[in-house]
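Residue numbers (the numbering used here), protein chains in the order written: chain A, 1 to 86; chain B, 1 to 210.
Heads up: the structure comes next, in structure tokens.
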Amino acid sequence: MALTITCPICGKRNGYEFRYGGEEKGPRPDEKDLTPESWCDYVHMNQCVAGVQQEWWFHRDGCGSWFTIFRDTTTNLEKETPEAKE
Amino acid sequence: MKDIKRHSAVAFKATPLKNQTYGDWDVVLEYHGEGDGPWLVDLSHRTRLDLQSADLAAKKPFGITIPEVYCQSVLEKGVLINRMNRIQASIYHLDGQSMDTPKEKEYTDVTEATIFVAIFGSNVFSICEKLSALDFIGADKQTPFLFQGPFSHVPCQIVTLGREAEKSGVVLTCSRGYGKHMIDGILHAGEEFGLKPAGEKRFADWINSL
């Protein structure tokens, strides 16, 4: 099924209007005691969840806003909450 | 000192019948063989402003209140104001004499960065449907309203000003660099519906009828 994404400004749109921005990983780690390894993990390592995950999207062809949605990676369908089930 | 001469990125293969100088622009008021509609009009000489402020509610450009709802527009005194997001609104000058840019730093004149065209008359939405998946009729919305999205695969701002039969129409802006190919695409899509280039007089009649 084609992916649709709900932009907070423009509403529900075709997924091709957006650019994927990666998994939501929480706030940037505190620079105090930050090691190269932990920074590398933060930047490059992903959870690759088989299920519902929170992720960033950019409305490239529309309003230009960045936002997060919840998407089920097994069905490629947007979910309203992380607990949403089929 | 040489006089500044500005040129639109939009060029029609039609014969102008009446021209008028509008500031530094040479504007066609009427073309030969405009037909019965729908029409495509180049409005690139008309002023477009970008307004950015953390407190948009406090701004009243040209005495007009900016809509609170995102993607809602308002047309008053010949000025169209479109709410883009929390902090931004676009302002188009559609009717009347030239519009002066307000002196405040929140306003940026983007007239020369974009093209600006109007498509109006019968079958407008059938033409738009061939170029974009967006629903420009927006039956659940109150006209005028704004779309920020792809039109002919180009990121655009498109505002539906009317959706009733002969009065239906949209205005569209996109980056100036896409101008030539955007116009070619629109004219090609509108060929089967009789879309013809028209002068600004035709646009003024339409705006005044809304």
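Note that the Cβ used here is the ideal one computed from N, Cα and C, for glycine as well.
Out of the options, point me to the one whose CA is closest to residue i's CA.
{"i": "B:Gly-199", "options": "B:Cys-128, B:Asp-24, B:Gly-37", "result": "B:Gly-37"}
{"i": "B:Ser-98", "options": "B:Ala-118, B:Arg-46, B:Cys-128, B:His-181", "result": "B:Arg-46"}
{"i": "A:Lys-25", "options": "A:Ile-69, A:Arg-60, A:Glu-78", "result": "A:Ile-69"}
{"i": "B:Gln-157", "options": "B:Arg-6, B:Arg-48, B:Leu-195", "result": "B:Arg-48"}
{"i": "B:Lys-167", "options": "B:Pro-197, B:Phe-151, B:Cys-174, B:Arg-202", "result": "B:Arg-202"}
{"i": "A:Asp-61", "options": "B:Lys-60, B:Ala-113, B:Leu-134", "result": "B:Leu-134"}
{"i": "A:Arg-28", "options": "A:Gly-64, A:Cys-40, A:Arg-19, A:Cys-48", "result": "A:Cys-40"}
{"i": "B:Gly-169", "options": "B:Thr-143, B:His-153, B:Pro-150", "result": "B:Thr-143"}
{"i": "B:Val-79", "options": "B:Ser-73, B:Val-69, B:Tyr-92, B:Ala-204", "result": "B:Tyr-92"}
{"i": "B:Asn-208", "options": "B:Ser-8, B:Lys-77, B:Phe-147", "result": "B:Lys-77"}
{"i": "A:Trp-66", "options": "B:Lys-60, B:Leu-75, B:Asp-42, B:Arg-86", "result": "B:Arg-86"}
{"i": "B:Gly-149", "options": "A:Asn-14, A:Leu-3, A:Ala-2", "result": "A:Asn-14"}
{"i": "A:Thr-73", "options": "A:Thr-6, A:Met-45, A:Glu-55", "result": "A:Glu-55"}
{"i": "A:Gly-21", "options": "A:Glu-80, A:Thr-75, A:Val-43, A:Ile-9", "result": "A:Val-43"}
{"i": "B:Lys-18", "options": "B:His-7, B:Ala-9, B:Leu-40, B:Glu-30", "result": "B:Glu-30"}
{"i": "A:Lys-79", "options": "A:Gly-64, A:Val-52, A:Phe-58", "result": "A:Val-52"}
Quick one: grab the DSSP three-state call for residue i.
{"i": "B:Leu-80", "result": "strand"}
{"i": "B:Asn-208", "result": "helix"}
{"i": "B:Ser-44", "result": "coil"}
{"i": "B:Gln-20", "result": "strand"}
{"i": "A:Lys-79", "result": "strand"}
{"i": "B:Ser-126", "result": "helix"}
{"i": "B:Pro-197", "result": "strand"}
{"i": "B:Thr-108", "result": "strand"}
{"i": "B:Leu-94", "result": "coil"}
{"i": "B:Leu-131", "result": "helix"}
{"i": "B:Arg-202", "result": "helix"}
{"i": "B:Ala-89", "result": "strand"}
{"i": "B:Ala-9", "result": "coil"}
{"i": "B:Ala-118", "result": "strand"}
Determine whether the Cβ of residue i lies closer than 7 angstroms to any Cβ atom of chain B.
{"i": "A:Asn-14", "result": "yes"}
{"i": "A:Gly-62", "result": "yes"}
{"i": "A:Glu-86", "result": "Caution applies to A:Glu-86, whose pLDDT of 45 falls short of 50 and renders its modelled position unreliable; the model cannot decide the point."}
{"i": "A:Cys-10", "result": "yes"}
Does residue i come within less than 7 angstroms of chain A when only Cβ atoms are used?
{"i": "B:Asn-208", "result": "no"}
{"i": "B:Gly-149", "result": "yes"}
{"i": "B:Asn-123", "result": "no"}
{"i": "B:Pro-67", "result": "no"}
{"i": "B:Asn-85", "result": "yes"}
{"i": "B:Tyr-70", "result": "yes"}
{"i": "B:Pro-102", "result": "no"}
{"i": "B:Pro-155", "result": "yes"}
Show which residues of chain B have a CB atom less than 7 angstroms away from the CB atom of residue i.
{"i": "A:Glu-17", "result": "Gly-149, Pro-150"}
Going along chain A in order, which residues have a C-beta closer than 9 angstroms to the C-beta of residue i?
{"i": "B:Ala-212", "result": "Examination of residue 212 of chain B is not possible in this model, given that chain B is present from 1 through 210 alone."}
Show which residues of chain A have a CB atom less than 8 angstroms away from the CB atom of residue i.
{"i": "B:Ala-133", "result": "Asn-14"}
Starting from residue i, find everything on chain B with Cβ-Cβ shorter than 8 angstroms and list it in chain order.
{"i": "A:Ser-65", "result": "Asn-85"}
Ignoring anything shorter than 3 residues or poking outside the segment 137–193 of chain B, list the beta strand (DSSP E) runs there in chain order.
-> 145–151, 154–162, 169–175
Kindly provide the ranges of any alpha helix (DSSP H) runs that are 4 or more residues long and lie completely inside the segment 3–68 of chain A, ordered along the chain.
-> 36–44
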